[in-house]
Each structure stands twice: as C-alpha cells, then as structure tokens.
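Residue numbers (my numbering): 330 to 507.
Idealized CB from N, CA, C, for every residue including glycine.
In this text, all values refer to a predicted model and were calculated from it rather than measured experimentally.
Here is the structure we will look at, set down as structure tokens.
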C-alpha cells in the first residue's frame with residue numbers, strides 16, 4: 330500500500346501530465362490551422378518562397394498525419410493519467426487504511442502515460458517541421474532556405490533536448506519515489 334504522501338506525489342505527477350498534454354493538444358490544433366490555412370497545405374508562392382520551393386501534397390499529408398498521431402497520443406496519455414487518478418480517488422474514498430493500490434499497475438500506467446506524451450511530442454515536432462515547410466518553403470531551397478532551415482534546426486534541437494531532460498527527470502523520480 331502506498332502512503333498518503335506517495336499517493337499525493339503520484340497525483341501531482343499525473344496532474345502535470347494532464348496539464349502539459351492539454352497545452353500540447355492546443356499546439357496540435359494551432360499547427361493544423363496555421364499549416365493548412367491556405368487550403369492546400371502548400372506554400373502560396375508569395376513572399377520569400379520561390380515557385381520551385383513550394384511543397385507538394387506529401388508534406389500536407391504528413392502535416393495532418395503527424396498532428397493526428399500527436400493528438401491521439403496526448404489523448405491516450407491523458408486518459409490513462411485520469412484513470413489512474415480516479416483509481417486513487419476511489420481507494421481513498423473507501424478508506425486508505427484498508428484499501429490497497431496495486432503498485433505494479435500504478436507504475437505501468439504512469440510509464441504508459443509518460444511514454445504517450447513523449448512520443449506525442451515527437452510527432453508534434455515532425456508536424457511542426459511540415460508547418461514550417463508549408464509556410465516558408467522546402468528546407469534548404471531558394472531564398473527561404475535560411476528561414477526554413479533555422480526554424481527546423483531550432484525545432485529538432487530544442488524539442489529533443491527538452492525531451493531528454495524530461496526523460497531523465499521522470500526516470501529519476503520514477504526510480505527513487507516508489
């Protein structure tokens with residue numbers, strides 16, 4: 330059985346997963362609306378984008394697919410976290426002195442929820458790379474090469490770095506809390 334302090338820590342961790350999944354879900358829909366705002370998902374040809382640098386239908390298809398995968402993973406992660414919170418709430422309502430929380434199920438659920446969020450972030454990053462290409466042109470092409478390459482380098486550097494830090498902290502907390 331988990332102590333009330335351990336359950337509170339788990340509850341707080343699950344709240345964190347749910348809240349950041351909500352923010353990332355907003356990013357999914359923002360990415361879709363911005364990436365597909367001209368109706369085709371390809372660059373309009375104006376501004377910095379030369380006609381030979383516009384993206385094709387495959388980038389638009391990938392943009393939508395990656396955002397849908399990210400949304401599904403964030404929703405999965407949030408639903409698992411909410412189910413775990415509900416299970417802990419049920420245990421406490423029936424008396425914490427006699428009820429038992431299955432640590433294996435709790436740990437497995439927390440790992441599944443964290444993995445869903447992490448993989449969802451990867452798909453969100455891929456989707457955002459396609460948003461950049463749809464707005465600024467293909468990576469490394471024409472006058473927009475610096476803008477699109479700079480944005481993509483930022484995405485593929487900062488997001489994985491943040492995910493590595495998140496993974497290390499979650500792993501440390503996971504191995505030292507239970």
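{"Query": "Backbone CA spacing between residue 454 and residue 445 [nearest angstrom]", "Result": "14 Å"}
{"Query": "Short Cβ contact (9 Å threshold) for residue 382 with residue 456", "Result": "no"}
{"Query": "Separation of residue 419 from residue 411, as counted between CA atoms", "Result": "12 Å"}
{"Query": "Neighbourhood of residue 414 by C-beta distance below 7 Å, restricted to the same chain and skipping five residues each side", "Result": "340, 343"}
{"Query": "Integer Cβ distance of residue 388 from residue 463, believed to fall under 8 Å", "Result": "6 Å"}
{"Query": "Collapsed DSSP secondary structure at residue 461 in the structure displayed", "Result": "helix"}
{"Query": "Candidates 440, 476, 451, of which the one nearest residue 542 by Cα", "Result": "Because the chain here runs from 330 to 507, residue 542 falls outside it and cannot be looked at."}
{"Query": "Other residues of its chain near residue 452: CB distance less than 8 Å, five sequence neighbours each side excluded", "Result": "395, 396, 398, 399, 402"}
{"Query": "Same chain only: Cβ atoms within 7 Å of residue 364, ignoring 5 sequence neighbours per side", "Result": "370, 392, 459, 460, 463"}
{"Query": "Residues near residue 354 by beta carbon distance below 7 Å, same chain, minus five either side", "Result": "400, 403"}
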